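With my numbering applied, the first sequence covers 33 to 601. The beta carbon of each residue, even a glycine, is placed where N, CA and C say it ideally should be. Note that this is a predicted model, so its numbers are computed, not measured. One structure is given below, encoded as structure tokens.
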Amino acid sequence: MKYSKLFGKTIKDTPTGATLVSHKLLYQAGFIRESTAGRYYLLPLGIRVHRKLEAIIKEEMDKAGAQQLITPVLHPLELWKETNRTTAAGFELMVIKDRNQGQFVLGGTAEEMLVDLIRKFQLSYKDLPLNLYQFSTKFRDEARARGGLLRLREFMMKDAYSFDATEADFKKEYKSMEQTYSRIFDRLDLKTLIVESDNGYIGGEYCHEFIVESDAGESKFLMTDDGKYSAHEDVAKFMRDNKNIDEEEKEMISVEAIRGTTMEDGVKLHGLPMWQQIKDLMMVDDQGRMILGVIRGDYDVNEVKLAHLAKAYTLRHATAEEIQKLGSEPGFISPVGIKQKAKANGVELLVIGDSSLRTIKNAYTGDNAKHKDLMNVNIDRDYSLDVEGDIALAKAGYSSLDGLALIEKKGIEVGNIFQLGYHYSSRMKDATFADEKGEKKPYYMGCYGIGIARTLATLVEIFNDDKGIIWPEAVAPFKVHLLGLDLEDKAIASSAQKTYELLQVEGIEVLFDDREEVRAGAKFADADLIGIPYRVVISKRSGEKLEVKRRDSSDTAFMTLPELINKLR
RNA sequence: CGGGGUGUAGUUCAUCGGUAGAACGCUCGCUUUGGGAGCGAGAAGUAGCAAGUCCAAUUCUUGUCACCCCGACCA
């Protein structure tokens, strides 16, 4: 490619509001232009990198035995109703109508489509395991797109879906995908951490994100120093420390409590530690059920964990009116006797408690009435839980289950792998295969995604210097950036042209800066900005040889064309 | 979705109650020529859109749309 003909010039200005290096550099170097928020044009340089990423991912997916296909972009809305995802993911789903008023979802993920496809076939256990993947544009009506290519409303994703006969088979596939992803990111020179995460509206029980550590990222996660445990804030587990469990249980009493409604107000009034207080968080789920989260006072409730234990898609905070209707009072909620009050008032209530409640004795909390508190409250004796488990938010400094301190990190999620189990195959009719006895069994599923544009932006976030991008060779838009200087000299011009042609004959991708009117300094600056791995200069100064410099090094070497070709092979 | 902000030339921005200006970029010319050259000339804007106030609105007011930032949300 001749630079003089390349569509997409370098530019010195950066877009208004661009804060991320990747956004600025990709714009300045002529890889991308914005259309509207979260939707970008990929210019010729940009699409070259994009295609290389796709090629690497495809190679590794094929190697892992997955098969490529493509689904329609418009998904029939009925399919999403079948899995009850129209409400769960409705806030970011885009729905359109055709001329017959048929409703379609603009695909943002394709579990339903793949299940629908596979049930059109009468598969048997002999056809399994099966892993199908595609590269397709995904639509997400994100509340807030940001950061250039890091959070888009429209982007290419590689999404794969696996179908297995048993959980054991699935686990092999899951492991295989984990290894495949590791190989893919290795080939991109990206160091990824595999972090336990929450499944969100995708469903299923567990999943892992591939995260590249970066301050530009939006994913917060916790990990131990030795790197053996890393988990997203939403799911991170930690050890509860015992407080006063050896204390004698005292008699529970109700006292007058003229105080404000915060935890601190309780601490101040009673002169007791925060951890001895019981925190009560009243939420409402998508079915209108009241959910009470109960936890030791010095911990915070993790609403994602709470939603899981409640088996709810979404939770929101209850209003003061809702709390009063149930028979309690904001700021004075207590697990003691609340179930009876709810029942008396005809409100459905689920009480979910954190295991940390067992680390304290003689706790204090509200008494479900304004300005009344209960002292010396003890679990089992004074109140019981409908569900007991882990609803606590992990924080930096807490102890991991291995006893190591958790540290907080930030990163960009470039890929993820999900266990889906029977989540979809049980909700969708006839999502079954025939087993050895001819009996219909539901598929055990998983899904696996990589955002291509986000990965591209991540590469730029990681590989850059103050002059521009430094592309890893595997995905660089070209391998060689050939700079012709002193091109008004006919001999040099023809030698440069010949070099350009010979490199192409050798199958080496080369961008030839053939501009006559542009000075050397500008060409060097452009080459640094664009970030192609090898810069090759032909000029008066280079003489018969070529001046070769790697983008990531400051050393230059003079060599002949055959030597260069040999080096690049 | 809540809070804040910004919409003026291709881009980044300035200006102003009397219908606009710079830099970069672009075109042409001369000089220059190894780290974003200099000089000169030129093309380029219905000031997001709509309504209102005013003799007069790009400027003030209201609405609307778009975009940006913080938060909520979010594979």
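The shortest C-alpha to C-alpha distance from Glu-279 to any of Ile-88, Asn-394 and Thr-42 is the one to Asn-394. According to DSSP, Thr-397 shares a beta bridge with Leu-406. DSSP links Glu-549 through a beta bridge to no other residue. CA-CA distance, Ala-177 to Arg-183, rounds to 5 Å. Counting along the chain, no alpha helix (DSSP H) covers Asp-191; the unbroken beta strand (DSSP E) around it starts and ends at 186-196. In this structure, Ala-268 lies away from Ala-428, with their beta-carbon atoms at least 8 Å apart. Linking Val-299 to Asp-330 through their CA atoms gives a straight-line distance of about 11 Å. A straight line joining the alpha-carbon of Phe-39 with that of Phe-63 spans about 10 Å. Counting of Cβ neighbours within 10 angstroms places Asp-94 among the exposed residues, the total staying below 16. Rounded to the nearest whole angstrom, the CA to CA distance from Asn-334 to Met-284 is 28 Å.
Annotation for Asp-173: no beta strand (DSSP E) segment contains it, and DSSP assigns it neither H nor E. For Pro-474, the beta-bridge partners assigned by DSSP are Thr-464.
Three or more pairs of CB atoms, one per stretch, sit closer than 8 Å, so the segment 561-570 contacts the segment 496-504. Under DSSP, Pro-108 takes part in a beta bridge, and its partners are Phe-136.
By the C-beta density criterion, Ile-128 is exposed, having fewer than 16 other C-beta atoms within 10 angstroms. Excluding the 5 residues flanking it on each side, Val-446 has same chain C-beta neighbours closer than 8 Å at Phe-217, Leu-222, Thr-224, Phe-242, Ile-243, Val-244, Ile-482, Gly-483, Arg-486, Thr-487 and Thr-490, in chain order.
By the CB criterion at 8 Å, Lys-404 and Ser-262 fall outside the cutoff. Rounded to whole angstroms, Asp-332 and Gln-372 show a C-alpha spacing of 26 Å.
Nearest Cα to Glu-281 within the set Ser-457, Phe-136 and Met-407: Met-407.
Here the alpha carbons of Glu-86 and Leu-347 stand approximately 37 Å from one another.
Shortest Cα-Cα distance from Thr-48 to any of Lys-56, Val-316 and Gly-470 involves Lys-56. For the 8 Å CB-CB criterion, Ala-401 and Arg-151 do not form a contact.
Between Phe-171 and Met-126 the beta-carbon gap is near 5 Å, inside 8 Å, which marks them as a contact. Put simply, of Glu-66, Glu-493 and Met-145 the residue whose alpha carbon is nearest the alpha carbon of Ile-102 is Met-145. In this structure, Pro-509 lies near Arg-80, with their beta-carbon atoms less than 8 Å apart. By the criterion of at least three beta-carbon pairs nearer than 8 Å, the segment 379-390 is in contact with the segment 322-329.
Per DSSP, the beta-bridge partners of Arg-328 are Ile-310.
The C-alpha of Leu-519 lies about 37 Å from the C-alpha of Gly-180. Short of 7 Å from the beta carbon of Ala-552, and not among the five residues preceding or following it, lie these beta carbons of its own chain, in chain order: Leu-517.
Judged by beta-carbon spacing, Thr-588 lies within the 8 Å limit of Lys-581, meaning their Cβ atoms are closer than that value.
Residue burial is scored here from C-beta neighbours: Lys-441 has at least 16 other C-beta atoms within 10 angstroms and is therefore classed as buried. Ranking Ser-431, Ile-540, Phe-465 and Tyr-480 by CA distance to the CA of Ala-506 puts Ile-540 first. Residue state for Phe-450 is assigned as strand, using DSSP reduced to three classes. Between Pro-161 and Asp-201, the beta carbon gap of about 6 Å places them in contact (Cβ cut-off 8 Å). About 40 Å separates the Cβ atoms of Gly-398 and Phe-450, ruling out a contact at the 8 Å cut-off. For Asp-317, the closest alpha carbon among the candidates Leu-304, Arg-328 and Val-336 is that of Val-336.
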